[in-house]
Amino acid sequence: MKTSTRCVQLGRGGDSHGAIVPPIYQTATFEQPSATEFGDFDYTRSGNPTRALLEQQLADLEEAKYACAFASGMAAITALTRIVRPGEEIIAGDDLYGGTVRLLDRLASHQNITVRYLDTTSATSVKEALTARTRLVLIETPSNPLFRISDLVALGEITRATGTLLAVDNSMLSPVFQRPITLGADIVIHSATKFLCGHSDVTAGAVITNEKNIHEQIAFQQNAEGAGLSPFESWLLLRGLKTLSLRVERQNLSATKIAQFLASHPQVTKVFYPGLETHPGYLLHRKQSEGDGAVVSFTTGNPTYSVRVIEAARLFRIAVSFGSVGSTISLPYRMSHASIPAALRDRLAPPEDLIRLSVGIEDVDDLIEDLDAALHNNHKTLHQIANGGTQGRVQS
Ligand SMILES: *Cc1c(COP(=O)(O)O)cnc(C)c1O
5 MKTSTRCVQL GRGGDSHGAI VPPIYQTATF EQPSATEFGD FDYTRSGNPT RALLEQQLAD
65 LEEAKYACAF ASGMAAITAL TRIVRPGEEI IAGDDLYGGT VRLLDRLASH QNITVRYLDT
125 TSATSVKEAL TARTRLVLIE TPSNPLFRIS DLVALGEITR ATGTLLAVDN SMLSPVFQRP
185 ITLGADIVIH SATKFLCGHS DVTAGAVITN EKNIHEQIAF QQNAEGAGLS PFESWLLLRG
245 LKTLSLRVER QNLSATKIAQ FLASHPQVTK VFYPGLETHP GYLLHRKQSE GDGAVVSFTT
305 GNPTYSVRVI EAARLFRIAV SFGSVGSTIS LPYRMSHASI PAALRDRLAP PEDLIRLSVG
365 IEDVDDLIED LDAALHNNHK TLHQIANGGT QGRVQS
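Next up, the structure:
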């Protein structure tokens, strides 16, 4: 089955009344056959049929065997980091989601876990950095918001040779476009809040793997720490997944047009999108993925002007997060990546003038017109800013 078919067909069946949509098992506990016998489920923190169906579908979409669904992407990443013991080490990409950096920083300061940030686009530098203490390599490809591309096959070979786990946060592309486990990753992480849900109405996360022993450790955390996804949210996510392929394919097409529009715009200094041939990771990305996603970043050369452009957009709403059917616009330095701890900001924060778009399913010509107007209307202001004019009215 192709992914678009899987999205709709998976999770079918099993209901005794033939319900065409799986029911929500909105129950905390399950009656047991006797005091000493257990059914398939006993308590929702440990397992729930609606969540189990979702987990099976998430695993199938990533072409893997096991998945655990969590209350958020960060809860999923937290469960993953519990695999690492005090005294061991994590190697992390140097353009990770701000909340991930904040969490890793806390592990480093409170749990005696070493965290080293590396440019993982160089597989050789990862190879050279691995030590006997390195337990986990955690990357995003494309990274967010700078779209650095890391070689999944090469990193998989390097980590496998030393018994280190390779975990890939696949939130930016979704399994429709990239399935890292098939390329050599041990673990895939999702913020299901993004494309998997697609409607900005659920926060959820997942840890997906083919390896039983990793899955058992993650499932232990899910039960022991209690951050498993609730039945209702699991059901909403199952609903969102049905249109996943349709949404992201359309979003990808529109994002490509928007990236091309921006690349030729006089007020734009640089566009970050792996679908542009000028992107340094263009060829590698094509080798390991089937699409470029719906997130596009660009710089203007001037943070004050960037803020004005963001505030002038009408269809693009100012919001963190990405992957929704509705287009959004943001300033990562002040928004999604503001949680990078101050001491790491110089090294790991995105440029201050970087604008990030998440392209939704609206008509692409409307979206381009909106951006063009936002860039153009502020163009005059740009000159004033450059000449030391109207500063200081920028929202902080
Ligand atoms: C949003 C995001 C997260 C965190 O997920 P939440 O669902 O917000 O907890 C992790 N990784 C990436 C790449 C993200 O974009």
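All residue numbers in the sequence shown are consecutive under this note's numbering, ending with 400. Don't be surprised by glycine CBs; every beta carbon is placed ideally from N, CA and C.
Remark: three or more beta-carbon pairs, one from each stretch, lie closer than 8 Å, so the segment 341-349 and the segment 102-110 are flagged as touching. A heavy atom of ligand 1 is found nearer than 7 Å to the CB of THR197. Distance from LEU375 to SER301 at the Cβ level is roughly 13 Å; contact not present, criterion being Cβ atoms closer than 8 Å. If you look at LYS291, you'll find it in the alpha helix (DSSP H) that goes 286-292. Placement of the Cβ of GLY244 at a distance of 7 Å or more from every heavy atom of ligand 1 is found. Residue environment for PHE276: buried (at least 16 other C-beta atoms within 10 angstroms of its C-beta).
For SER234, the shortest separation between its Cβ and any heavy atom of ligand 1 does not lie below 7 Å.
Contact between the segment 268-287 and the segment 319-326 is not established, with fewer than three Cβ pairs separated by less than 8 Å. Closer than 7 Å to some heavy atom of ligand 1: that does not describe the Cβ of ASP205. With a cutoff of 7 Å, GLY202 does not count as near ligand 1, since its C-beta is closer than that to no heavy atom of the ligand.
Set against 7 Å, the gap from the CB of TYR286 to the closest heavy atom of ligand 1 is not smaller.
In this structure, THR104 has its CB closer than 7 Å to one or more heavy atoms of ligand 1. Beta-bridge analysis with DSSP links LEU142 to ALA96 and ALA171. Per DSSP, the beta bridge partners of VAL275 are PHE302. Every candidate alpha helix (DSSP H) stretch fails here, since none sits fully inside the segment 13-64 while reaching 4 residues. Rounded to the nearest angstrom, the gap between the Cα atoms of ASP64 and VAL206 is 21 Å. Judged by DSSP in its simplified three-state form, ALA71 adopts strand. From the listed residues ASP19, GLN264, THR304 and PRO26, the smallest Cα separation to PHE236 is found for PRO26. Taking 7 Å as the cut-off, the C-beta of ASN148 counts as close to a heavy atom of ligand 1. Between the segment 185-194 and the segment 294-313 there are fewer than three inter-stretch CB-CB distances shorter than 8 Å, so the stretches are not counted as touching. Under DSSP, HIS341 takes part in no beta bridge, so it has no partner.
Closest option to ASN174, judged by alpha-carbon separation, among THR166, LEU140, HIS283 and ALA196: ALA196. Assignment of beta-bridge partners to ILE359 by DSSP yields PHE302.
Contact check for VAL180 against GLY295 passes: the beta carbons are separated by less than 8 Å.
Per the C-alpha coordinates, the member of ASP123, ALA56, GLY18 and THR33 positioned closest to ARG351 is ASP123. By the 16-neighbour rule on beta-carbons within 10 angstroms, THR128 is exposed.
With at least 16 other beta carbons inside 10 angstroms of its own, HIS219 counts as buried. Here the distance from the Cβ of GLU229 to the nearest heavy atom of ligand 1 is not below 7 Å.
The nearest non-hydrogen atom of ligand 1 is less than 7 Å from the C-beta of GLY77.
The shortest C-alpha to C-alpha distance from LYS291 to any of LEU111, PHE74, PRO146 and GLU66 is the one to PRO146. Using a Cβ distance threshold of 8 Å, THR168 and VAL211 do not count as a contacting pair. Spanning the alpha carbons of ARG254 and ARG318 requires a straight line of approximately 21 Å. Distances from the CB of ASP98 to the heavy atoms of ligand 1 are all 7 Å or more.
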